[in-house]
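**Q** Heads up, the sequence shown is in our numbering, so the first residue is 1 and it goes up one at a time. Note that beta-carbon positions come from the ideal geometry of N, C-alpha and C, so glycine has one too.
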Amino acid sequence: MKSSVIVFPGSNCDRDVAVALEKMQFKNQMVWHKETKLPQSDLIVVPGGFSYGDYLRSGAIAGKSLIIDEVIKAANSGCLILGICNGFQILTETGLLKGTLLRNKNLRFINKDVHIKVINNDTKFTNKYKNEQILKINIAHNEGNYFTDFNHLEELKKEKLIAFKYCNDTGNINENSNPNGSLENIAGIFNSKKNILGMMPHPERMIDEIISSKDGVNLFSSLLN
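Structure below.
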């Protein structure tokens with residue numbers, strides 16, 4: 001399976017996700033944001049980091065990069081798109097995903113391991129997980145507070161477009177297990193066709209038991225399945 005990772009000035013998780021992809025036997029290429037053509041790709045990853053130093057607002061400048069037109073074309077043709085952390089923010093800036101990521105409720109940068117629950121495992125991104133499986137995944141963000149309007153929230157629920165929700169280690173989804181104030185504890189969403197996933201937690205950091213955990217592995221193996 002062929003993958004491409006988009007690299008912006010300020011990206012700092014592009015190499016992490018490349019290592020994860022290559023470990024899972026993807027044939028990966030790194031694509032600089034000024035490129036105007038994408039290599040043939042089954043999966044495009046918009047990685048985490050601080051693209052353009054998060055000036056204006058997170059992902060706003062990256063969302064206007066030259067390569068983004070090609071990412072949008074690929075997404076509309078059915079290519080799988082994964083946006084992680086800043087990548088999620090960029091996808092909302094481009095309109096590929098609805099909603100926005102606001103400042104964390106405590107107005108502070110958060111970097112810690114949290115628990116999330118798999119809400120929909122019937123997708124190309126999540127089919128190797130069990131439904132309602134609890135994962136331990138790292139987060140590292142200042143603007144991870146997902147918000148959208150009422151109509152879109154109802155669509156997310158009705159069409160099963162919520163991928164993950166923040167929970168505690170026993171699976172309870174409540175205010176205490178919500179690290180950033182996200183609407184209804186939402187940690188990741190799909191587009192209507194479910195070929196695009198945006199998520200704030202970093203699965204690429206959880207692929208090795210020695211340094212973290214392997215709870216992120218099945219996201220990548222799902223894509224290969």
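Please list the segments of the beta strand (DSSP E) lying wholly inside the stretch 36-90, counting only runs of 3 or more residues, in order along the chain.
**A** Complete beta strand (DSSP E) runs here, min 3: 43-46, 80-84.
**Q** Compute the distance between the beta-carbons of GLY216 and MET206, then report whether it is under 8 Å.
**A** By 1-based counting over the sequence shown, the position of residue 216 is 216. By 1-based counting over the sequence shown, the position of residue 206 is 206. Result yes, Cβ atoms of GLY216 and MET206 sit closer than 8 Å.
**Q** For ASN145, write down the residues that DSSP places opposite it in a beta bridge.
**A** Here the question's residue 145 lines up with position 145 in the sequence shown. Partner(s): LEU102.
**Q** Nearest by alpha-carbon distance to LEU66: which of ASN127, CYS79, ASN176, LYS37 is it?
**A** As a first step, residue 66 must be located in the sequence shown, where it is residue number 66. LEU66 has its Cα closest to that of LYS37, out of ASN127, CYS79, ASN176, LYS37.
**Q** In the DSSP assignment, what residue or residues form a beta bridge with ASN28?
**A** By 1-based counting over the sequence shown, the position of residue 28 is 28. BP columns for ASN28 point to SER3.
**Q** Between the C-alpha atoms of LYS105 and MET30, what's the straight-line distance to the nearest angstrom?
**A** Working through the sequence shown from its first residue, we reach residue 105 at position 105. Working through the sequence shown from its first residue, we reach residue 30 at position 30. Distance between the alpha carbons of LYS105 and MET30 is about 34 Å.
**Q** Any idea which residues DSSP pairs ASP11 with across the strands?
**A** Walking along the sequence shown from the start, residue 11 turns up at place 11. The sequence as given places Ser at residue 11; Asp does not occur at that position. GLY49.
**Q** Give the straight-line distance between the Cα atoms of ILE162 and THR94, rounded to the nearest whole angstrom.
**A** Numbered from its first residue, the sequence shown carries residue 162 at position 162. Numbered from its first residue, the sequence shown carries residue 94 at position 94. Distance between the alpha carbons of ILE162 and THR94 is about 19 Å.
**Q** Starting from PHE190 and walking both ways along the beta strand (DSSP E), at which residues does that stretch end?
**A** Here residue 190 is taken as the residue at index 190 of the sequence shown, counted from 1. It spans 186-190 - the beta strand (DSSP E) in which PHE190 sits, taken as one unbroken run.
**Q** In this structure, does DSSP put PHE164 in helix, strand or coil?
**A** Reading the sequence shown from its first residue, position 164 is the one you call residue 164. Residue state, collapsed to three classes: strand.
**Q** Closest by CA to VAL19, which one among VAL5, PRO9, ASN138?
**A** As a first step, residue 19 must be located in the sequence shown, where it is residue number 19. Checked all of VAL5, PRO9, ASN138; the closest Cα to VAL19 is VAL5.
**Q** Along the beta strand (DSSP E) that carries ASN111, what are the first and last residues, could you check?
**A** Numbered from its first residue, the sequence shown carries residue 111 at position 111. Residues 110-118.
**Q** Hey, how far is the Cα of VAL71 from the Cα of LEU96?
**A** Mapped onto the sequence shown, residue 71 falls at position 71. Mapped onto the sequence shown, residue 96 falls at position 96. If I take the Cα positions, the gap works out to 10 Å.
**Q** For LEU197, report the span of its beta strand (DSSP E) as first-last.
**A** As a first step, residue 197 is located in the sequence shown; it is residue number 197 there, counting from the start. First-last of the beta strand (DSSP E) with LEU197: 196-199.
**Q** Can you confirm whether GLY48, when its beta carbon is compared against all beta carbons of chain C, has any partner nearer than 8 Å?
**A** In the displayed structure, chain C is absent; only one protein chain is listed.
**Q** Start and end of the alpha helix (DSSP H) containing LYS157?
**A** Within the sequence shown, the letter at position 157 stands for residue 157. First-last of the alpha helix (DSSP H) with LYS157: 150-158.
**Q** Grab the span of the alpha helix (DSSP H) containing LEU223 for me, first residue to last.
**A** Here residue 223 corresponds to residue number 223 of the sequence shown, with the count starting at 1. Taken as a continuous stretch (DSSP letters only), the alpha helix (DSSP H) holding LEU223 covers 217-224.
**Q** CB-CB under 7 Å to TYR146, same chain, minus the five flanking residues each way: which ones, in chain order?
**A** Locating residue 146 in the sequence shown gives position 146, where the first residue counts as 1. GLY99, LEU101, SER182, LEU183, ILE186, listed in sequence order.
**Q** Can you give the Cα-Cα distance for ALA62 and CYS167, rounded to whole angstroms?
**A** Against the sequence shown, residue 62 aligns to sequence position 62. Against the sequence shown, residue 167 aligns to sequence position 167. Their Cα atoms are separated by approximately 30 Å.
**Q** Do ASP169 and HIS115 have their C-beta atoms within less than 8 Å of each other?
**A** On the sequence shown, position 169 is the one that residue 169 refers to. On the sequence shown, position 115 is the one that residue 115 refers to. Taking 8 Å as the Cβ cut-off, ASP169 and HIS115 qualify as a contacting pair.
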